[in-house]
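Engineer: Could you have a look at this structure, given as structure tokens, before my questions?
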Amino acid sequence: MKIFTCRWLPANKEPKALIFICHGYAMECSITMNSTATRLVKAGFAVYGIDYEGHGKSGGLAGYVNNFDDVAVDCSDHFTTICGQILLISLSIYEKHGYKKDFNLIPHVKHMWSDFR
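Just so we're aligned, residue 1 is where the sequence shown starts under UniProt numbering, counting upward by one.
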């Protein structure tokens, strides 16, 4: 099933922090949370969202969630991927400045989400 994800990023500056939006029933991040995300970006934050199955621009029967554990896994997977990408970017910048280290942080941070599955 197609799961729609979205992001709003500050232009030309590093974000203060990452904010992950999880919406309520019969809502979505892609449309109704857009104004909230835009205000957060203006305040300097990077915002990421996901439309659950059956919601917004994601696939599935409108308004229907077959299993809420699947929603939790979809959110966890998406947000873990975002954090992993940012860590990889940070390591690239770190290496670019001559601080080469032979390690990968990703396996060490995935545990942050494993307890919620």
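All C-beta atoms in this analysis are idealised placements derived from N, C-alpha and C, irrespective of residue type, glycine included.
Leu40 lies in the beta strand (DSSP E); which residues open and close that run?
Structural biologist: Note, Leu40: premise wrong, no beta strand (DSSP E); alpha helix (DSSP H) at Asn34 to Lys42.
Engineer: Could you check where the beta strand (DSSP E) with Leu18 kicks off and where it finishes?
Structural biologist: Leu18 to Ile21
Engineer: Considering just the uninterrupted stretch of the beta strand (DSSP E) at Ala62, what are its terminal residues?
Structural biologist: That residue, Ala62, is in no beta strand (DSSP E); it is neither H nor E in DSSP.
Engineer: Residues bridged to Ile50 by DSSP?
Structural biologist: Thr5
Engineer: Chain D beta carbons: is any one of them nearer than 8 Å to that of Asp69?
Structural biologist: Here chain D cannot be found, since the structure has a single protein chain.
Engineer: Across the segment 63-75 and the segment 46-55, are there enough close Cβ pairs to call them in contact, namely three or more that are closer than 8 Å?
Structural biologist: yes
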